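Numbering (my numbering), first residue to last: 10 to 299. What follows is a single structure, written as structure tokens, with notes after it.
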Amino acid sequence: MADGSQTVSDVIHAHFGTLTRAEKQLAQSLLENYPISGLGSITIIAENAGVSTPTVVRMVQKLGYKGYPEFQAHLHQELEATISNPITKHDRWASNAPQGHVLIRIADSIMNNMRQTLGDMDTATFDAASELLSDRRRNVYFVGGRITGSIAEYFFTHMQVIRAKATLISLHSSSWPQYVLNMNAGDVLVIFDIRRYEQEMVTLAEAAKANGVIIILFTDQWGSPAAKHARHVFRVRIEVPSAWDSSVVTLFVVEALIEAIQTRTWDDTRERMRTLEGLFEQTRLFRRLT
């Protein structure tokens with residue numbers, strides 16, 4: 010069954026191979042609009058999946074839960090976590106804050122986040138994403154939300170040096186249709202969306218996918234609703250004892266991707282860097298020793 014670091018989705022995926030045909034049908038139905046799809050009555054859940062209510066009971070027990078009420082309680086807890094505002098998160102952490110200096114508390118949480126994220130990460134997903142982002146025939150777009158927009162910009166800034174055809178999408182969602190208008194089938198859209206998930210991200214992902222765009226999503230352990238439109242999803246641990254979520258591990262994955270991409274394309278990237286350094290010299294952007 011799920012421990013404190015696992016979501017119900019994690020548990021379903023871990024047990025998927027052991028499920029019967031009807032149970033797999035139920036599991037896929039639950040994952041399609043997760044976690045909302047699991048919050049109705051057991052009868053409604055069964056009807057939506059086209060299975061019997063005993064199938065629901067058997068599957069949740071096979072996953073390690075005592076029964077449907079416990080299974081659903083975990084889903085409610087996850088949903089509450091994803092919509093928590095900074096005040097709620099602070100109050101929850103403050104009541105159970107570990108002892109010690111804040112530097113140690115935050116560092117311990119971040120190191121734990123790193124271990125769990127790396128433990129859960131599929132290296133094949135990482136390699137496939139780096140291969141897509143290295144393909145210079147594709148246009149690559151980057152977009153983030155109110156907080157994650159700065160990480161999207163950081164990723165874009167490096168990719169702009171490494172390759173051409175990189176575009177940073179404005180934070181103003183009213184302009185997004187114009188970006189989608191210019192996207193071609195086979196292009197790549199990198200989305201950053203962590204709790205509290207931004208509604209427009211799902212709309213953008215859906216519209217881009219309809220145009221044949223390949224989506225790479227950076228999200229948290231619970232998973233943005235945009236995940237159902239993404240080919241590759243990086244689920245990164247973000248919780249620390251603070252009112253705010255941590256971006257450290259997300260930035261780590263981004264920096265690892267940057268290194269992987271420039272290694273794949275080093276000959277061309279080196280030439281771009283040489284040209285850029287010449288431009289820096291002309292504009293006297295950086296201080297020089299005299």
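Cβ coordinates follow ideal geometry from the N, Cα and C atoms, glycine included. It should be emphasised that the depicted structure is a prediction, and the values quoted were computed from it without experimental measurement.
> Beta-carbon separation of V222 and V197 under 8 Å?
Replying inline: Annotated as proximal: V222 and V197, with beta-carbon spacing under 8 Å.
> Helix or strand or just coil, what does DSSP make of L84?
Replying inline: DSSP, reduced to helix, strand and coil, places L84 within a helical segment of the structure shown.
>> Below 8 Å on the Cβ atoms is my contact criterion, and I expect N193 with T176 to pass it. Report the Cβ-Cβ distance as a whole number of Å.
In response: T176 and N193 do not touch by the CB rule: their CB atoms are close to 12 Å apart, not below 8 Å.
> Which residue comes first and which comes last in the alpha helix (DSSP H) that contains T281?
Replying inline: Per the sequence shown, the amino acid found at residue 281 is Arg instead of Thr. 275-292 is the span of the alpha helix (DSSP H), which, as asked, contains R281.
> Quick one: any contact between the segment 272-281 and the segment 163-181, if contact means 3 or more CB pairs under 8 Å?
Replying inline: Short answer: they touch.
>> According to DSSP, simplified to helix, strand and coil, what is D229?
In response: Note: D229 maps to strand in three-state DSSP.
> What separation, rounded to the nearest whole angstrom, lies between the Cα atoms of M10 and K71?
Replying inline: Residue placement at M10 is poorly supported in this model, since its pLDDT is 48, which falls under 50; the coordinates are not used for a value here.
>> Let me check one thing: in DSSP terms, what residues is L28 bridge-paired to?
In response: DSSP output for L28 lists no bridge partner at all.
> Can you give the Cα-Cα distance for A58 and F25, rounded to whole angstroms?
Replying inline: If I take the Cα positions, the gap works out to 16 Å.
> Is Y43 helix, strand or coil by DSSP?
Replying inline: The three-state secondary structure of Y43, taken from DSSP, is coil.
> Can you tell me whether D136 is buried or exposed, with buried defined as 16 or more other CB within 10 angstroms of its CB?
Replying inline: D136 should be labelled exposed.
>> With H, G and I counted as helix, E and B as strand and the rest as coil, what does DSSP make of Y150?
In response: In the structure shown, Y150 sits in a strand (DSSP, three-state: E or B).
>> Quick check on T166: buried or exposed, where buried means 16 or more other Cβ atoms within 10 Å of its Cβ?
In response: It is exposed - the Cβ of T166 has fewer than 16 other Cβ atoms within 10 Å.
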